[in-house]
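*Asks:*
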Amino acid sequence: IQISAEALYLKTAKLPHIEIKKPRKAIGRTTVSSMQSGLYFGYVGLVSNIIEEIKRELGTQANVISTGGFAAQISHEVNSIHFHEPYLALEGLRILHERSRE
298 IQISAEALYL KTAKLPHIEI KKPRKAIGRT TVSSMQSGLY FGYVGLVSNI
348 IEEIKRELGT QANVISTGGF AAQISHEVNS IHFHEPYLAL EGLRILHERS
398 RE
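Residue 298 is where the sequence shown starts when you use my numbering, and the numbers rise one by one after that.
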């Protein structure tokens, strides 16, 4: 999401650099609030749709865990996310390291 915001700022002539946060309303009344809405709710929709497509392909329900980046901010918006674990990747690396020492 941050990369998308940076691309809008760097690759356009007049769009401002914005803070990524949930806007109060989906319909923005300013350039900044419209950009925030598009980025925030766009990514919520993107994540929701990817999860649903994967579940459909698997043909089963699965527990979904969010981690990293802006996951903490959007995980409560996506009904398909069951848990948020901010350090999941690091925890996995720790487990691999411990197992490799055995």
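For each residue, glycine too, the CB sits at the ideal point set by N, CA and C.
Kindly provide the ranges of any alpha helix (DSSP H) runs that are 4 or more residues long and lie completely inside the stretch 316–389, ordered along the chain.
*Replies:* 328–355, 368–371
*Asks:* Whole angstroms is fine: what's the gap from Arg396's alpha carbon to Leu343's?
*Replies:* 35 Å
*Asks:* Mapping the DSSP letters down to three states, classify Lys311 as helix, strand or coil.
*Replies:* coil
*Asks:* Quick check on this structure: which residue in Ala368, Leu393, Ser345 has the alpha carbon closest to the alpha carbon of Pro383?
*Replies:* The shortest C-alpha separation from Pro383 is found at Ala368.
*Asks:* Are the CB atoms of His379 and Asn360 within a distance shorter than 8 Å?
*Replies:* yes
*Asks:* Look up Ile298 in the DSSP assignment and say whether it is helix, strand or coil.
*Replies:* Coil at Ile298, not helix or strand.
*Asks:* Taking 8 Å as the threshold, find out whether the stretch 340–358 comes into contact with the stretch 306–316 through three or more Cβ pairs.
*Replies:* When C-beta atoms of the stretch 340–358 are compared with those of the stretch 306–316, fewer than three pairs fall below 8 Å, so the two segments do not count as touching.
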